[in-house]
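Protein sequence lines, in the order shown, are assigned to chains A and B. Number 91 in my numbering belongs to position 91 of the first sequence; there are no gaps in the numbering. Number 176 in my numbering belongs to position 29 of the second sequence; there are no gaps in the numbering. Don't be surprised by glycine CBs; every beta carbon is placed ideally from N, CA and C. Take a look at the structure below.
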Amino acid sequence: MGFQKTYIILLSILSLISGGFIYLFLRKPPAVFQAFIPKNYMTAIRELSLARNLSTNTPDWIIYNLPDCLWMFSFTLAICVIWDFKLHRQSKFWLAVCFLSGIGFEILQHMSLVPGVFDWKDLIFIISGATLPLSFIFKIRIDEKNI
Amino acid sequence: MKKIFKHGISVAVSTVFILFAISSSDNFEPSCQYLLKNYKDLGYYLCDLLPVEINKQNNFKLIILDKTNSLPVAGIRVGVSWIPMKLIKKKCDEYYEPENCFGHFSIESLSYADTYQYFTDENGEISGTTEYMKYVDKRDNMVVTFHIEDPSGKYSTKNENMRFIYNTGSMQKTIYLLNNSEL
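Written out as structure tokens, the structure reads:
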């Protein structure tokens with residue numbers, strides 16, 4: 001399990017980084033975190049993005065919805081790894097925190113209480129992002145029952 | 148003990164992910180209280196909110212005439228781009244100075260600063276509409292810039308601006324071009 005755990009942690013980090021790259025290379029209005037990236041790096045990224053015409057050649061769902069899915073997938077996966085892919089009171093609490101924070105952001109955006117634009121597609125992608133790691137838990141449980 | 152450690156790790160991981168989600172916010176609409184003067188200065192931006200957000204396109208018409216004889220000039224290439232005035236004032240450049248753009252999207256555009264190419268017709272005219280713009284502030288200004296170029300080289304290249312505010316429906320502008328032979 002330890003060996004697998006390393007891979008799963010890497011997968012979680014990779015998903016988060018992939019979402020970040022979509023923001024950096026494809027999103028037009030700058031995200032707040034870009035302020036922490038050195039200016040010359042940001043300029044190089046923008047020039048590369050412009051030169052390759054990346055944002056116009058990429059479907060909208062990849063630019064606007066996939067980052068949410070990757071964020072949720074990465075978050076849920078991280079919580080699953082911490083709690084060893086086991087379902088009990090404590091892990092359920094943290095999985096709920098993770099799921100509700102994803103859904104909650106969208107609801108708060110809908111109510112204009114936090115910055116951002118509410119989108120039903122975001123909700124669907126967030127739920128999909130959470131479902132995949134949870135299905136790992138159910139698969140592990142089914143496998144354990146069969147053994 | 149192990150469970151306390153796991154709870155601690157869960158708190159840390161959740162904090163990181165939630166902070167990441169907040170820092171990925173790229174839209175400070177629609178309330179002015181989210182508009183920052185710039186990303187280092189967390190002071191509130193003063194604005195005069197419209198009672199209802201206005202989502203509209205602005206129509207423009209450009210007439211190009213020869214300065215010497217006031218006759219219409221056909222076949223002039225006109226590139227059109229638009230940008231919220233606040234971004235110009237803040238020297239915001241989406242690609243090269245993105246840090247100057249934080250919190251300054253009170254006019255929201257689906258395709259911010261898109262450029263289309265037109266050619267003037269036999270009456271020296273071009274007309275068109277901007278993309279849909281969402282105005283939230285009465286002081287919102289959107290600037291449409293015409294990049295004028297004569298492929299034949301007979302007339303000089305120049306740029307002209309037209310400014311729209313939230314209640315502007317359409318605007319017309321006449322531009323006189325100087326024939327290079329007159330220079």
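DSSP state of residue i mapped onto helix, strand, coil
{"i": "Leu87 (chain A)", "result": "coil"}
{"i": "Phe293 (chain B)", "result": "strand"}
{"i": "Ile103 (chain A)", "result": "helix"}
{"i": "Tyr23 (chain A)", "result": "helix"}
{"i": "Glu200 (chain B)", "result": "strand"}
{"i": "Tyr279 (chain B)", "result": "coil"}
{"i": "Leu257 (chain B)", "result": "Because Leu257 (chain B) carries a pLDDT of 44, less than 50, the predicted location of this residue cannot be relied on, and the following value inherits that uncertainty. Three-state DSSP puts Leu257 (chain B) in coil, outside helix and strand."}
{"i": "Ile142 (chain A)", "result": "helix"}
{"i": "Phe266 (chain B)", "result": "strand"}
{"i": "Asp119 (chain A)", "result": "coil"}
{"i": "Leu113 (chain A)", "result": "coil"}
{"i": "Pro58 (chain A)", "result": "What sits at residue 58 (chain A) in the sequence shown is Thr, not Pro. In this structure, Thr58 (chain A) counts as coil in the three-state DSSP scheme."}
{"i": "Ile82 (chain A)", "result": "helix"}
{"i": "Pro38 (chain A)", "result": "coil"}
Test: residue i CB closer than 8 Å to a CB of chain A
{"i": "Val160 (chain B)", "result": "yes"}
{"i": "Phe293 (chain B)", "result": "no"}
{"i": "Phe164 (chain B)", "result": "yes"}
{"i": "Lys150 (chain B)", "result": "yes"}
{"i": "Ser157 (chain B)", "result": "yes"}
{"i": "Gly190 (chain B)", "result": "Per-residue confidence for Gly190 (chain B) stands at a pLDDT of 37, beneath the threshold of 50, marking its modelled position as unreliable; the derived number appears in the next sentence. Output row for Gly190 (chain B): interface = no."}
{"i": "Ser171 (chain B)", "result": "yes"}
{"i": "Ala221 (chain B)", "result": "no"}
{"i": "Lys285 (chain B)", "result": "no"}
{"i": "Lys153 (chain B)", "result": "yes"}
Per DSSP, the bridge partner or partners of residue i
{"i": "Asn326 (chain B)", "result": "B:Tyr302"}
{"i": "Phe93 (chain A)", "result": "None, per the DSSP bridge assignment."}
{"i": "Pro219 (chain B)", "result": "B:Leu212"}
{"i": "Ser228 (chain B)", "result": "B:Thr292"}
{"i": "Thr321 (chain B)", "result": "B:Ile210"}
{"i": "Asn314 (chain B)", "result": "Partner(s): none; Asn314 (chain B) has no beta bridge."}
{"i": "Ser103 (chain B)", "result": "One cannot answer for residue 103 (chain B) here, as it falls past the ends of chain B, which runs 148 to 330."}
{"i": "Met309 (chain B)", "result": "B:Val291"}
{"i": "Asp284 (chain B)", "result": "B:Leu196"}
Below-8 Å beta-carbon distance, residue i vs any chain B residue
{"i": "Trp153 (chain A)", "result": "Lying before the first or after the last residue shown, residue 153 (chain A) is absent from chain A, which here runs from 1 to 147."}
{"i": "Gln90 (chain A)", "result": "yes"}
{"i": "Ile82 (chain A)", "result": "yes"}
{"i": "Trp120 (chain A)", "result": "no"}
{"i": "Ile79 (chain A)", "result": "yes"}
{"i": "Tyr41 (chain A)", "result": "no"}
{"i": "Tyr23 (chain A)", "result": "yes"}
{"i": "Ser18 (chain A)", "result": "no"}
{"i": "Phe85 (chain A)", "result": "no"}
{"i": "Trp94 (chain A)", "result": "yes"}
{"i": "Phe75 (chain A)", "result": "yes"}
{"i": "Phe99 (chain A)", "result": "no"}
{"i": "Phe105 (chain A)", "result": "yes"}
Burial state of residue i, where buried means 16 or more other Cβ atoms lie within 10 Å
{"i": "Leu324 (chain B)", "result": "buried"}
{"i": "Val225 (chain B)", "result": "buried"}
{"i": "Leu26 (chain A)", "result": "buried"}
{"i": "Leu10 (chain A)", "result": "exposed"}
{"i": "Val199 (chain B)", "result": "exposed"}
{"i": "Trp61 (chain A)", "result": "exposed"}
{"i": "Lys139 (chain A)", "result": "exposed"}
{"i": "Trp120 (chain A)", "result": "exposed"}
{"i": "Asn216 (chain B)", "result": "exposed"}
{"i": "Ser74 (chain A)", "result": "buried"}
{"i": "Ser171 (chain B)", "result": "buried"}
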